[in-house]
Amino acid sequence: MVLQPIRWIKLKRGLKLNVDAAYLPGKASGDAILRNELGVFIGAISFPMVTCSNLHVELLALLRATTWAINEGFGSFQVECDAKEIVDYVSGRKRDRWMEEIDGFRRLCFRKGIRFRHILREVNELAHLLARLSSAHFRHWSDLNLLPGPVKSAATLDLFGLPSFRFMT
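Positions 344 to 512 (the numbering used here) are the ones given, in order, by the sequence shown.
1) Express the C-alpha separation of A365 and A426 in angstroms, rounding to a whole number.
2) Are the CB atoms of I349 and V466 nearer to each other than 8 Å?
3) Are there 16 or more other CB atoms within 10 angstroms of the CB of V494, so buried, or fewer, so exposed?
4) Around the C-beta of N361, are 16 or more other C-beta atoms found within 10 angstroms, so that it is buried, or is it exposed?
5) On the three-state DSSP scale, how would you describe V345?
6) Nearest-angstrom Cα distance between N397 and L367?
7) Quick check on DSSP: helix, strand or coil for F481?
8) Per the DSSP calculation, I376 is bridged to which residue(s)?
Okay, structure coming up:
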């Protein structure tokens with residue numbers, strides 16, 4: 344087994360929206376963090392959801408978080424999510440389940456220049472932490488200093504390019 348450094352990568356240009364979800368039977372939440380090409384925090388949201396499965400909550404979180412960023416007036420940006428199957432659905436690489444529900448969403452994202460990318464969970468640590476800490480109420484943050492302590496700390500590590508680690512076989 345090899346310990347491999349994994350880090351969040353800043354874009355050369357543009358915005359990046361990291362999305363994650365947390366699911367326990369009877370309780371689910373979605374969360375997203377928006378940052379610019381320098382890795383500087385722009386905003387974050389956390390929202391409760393009612394859903395029936397882990398995969399479904401990941402899809403709903405991605406749809407709702409992306410819609411939030413569009414409604415906030417952000418145009419072209421990249422969305423990153425650690426649920427590969429969901430990224431395959433919304434990017435059109437997989438076309439069976441949920442296609443009717445997301446076809447309009449996919450067309451809107453294409454027109455706006457929104458791209459979807461699968462990433463490892465360790466790279467998505469900031470959104471993952473926020474999902475685990477989220478409450479049963481909608482929350483919006485526009486100031487990094489108001490985020491929960493562990494999330495703020497992870498954002499600082501990402502900003503400076505410090506890695507998380509993953510055991511690889």
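For every residue, glycine included, the Cβ atom is placed at its ideal position computed from N, Cα and C.
In this text, all values refer to a predicted model and were calculated from it rather than measured experimentally.
Based on what the coordinates show:
1) Here the question's residue 426 lines up with position 83 in the sequence shown. Here the question's residue 365 lines up with position 22 in the sequence shown. The alpha-carbon atoms of A426 and A365 are separated by roughly 12 Å.
2) Translated into the one-based positions of the sequence shown, residue 349 becomes position 6. Translated into the one-based positions of the sequence shown, residue 466 becomes position 123. Yes, these two residues count as a Cβ contact at 8 Å.
3) On the sequence shown, position 151 is the one that residue 494 refers to. So V494 counts as buried.
4) Taking the sequence shown and counting its residues from 1, one reaches residue 361 at position 18. The Cβ neighbour count for N361, taken over all protein chains shown within 10 Å, is at least 16; the residue is labelled buried.
5) The residue given as residue 345 occupies position 2 in the sequence shown. V345 falls in the strand class under three-state DSSP.
6) Taking the first residue of the sequence shown as 1, we reach residue 397 at position 54. Taking the first residue of the sequence shown as 1, we reach residue 367 at position 24. Their backbone Cα atoms lie some 8 Å apart in a straight line.
7) Taking the sequence shown and counting its residues from 1, the one referred to as residue 481 is at position 138. Reduced to three states, the DSSP call for F481 is coil.
8) Taking the first residue of the sequence shown as 1, we reach residue 376 at position 33. Paired residue(s): N361 and A387.
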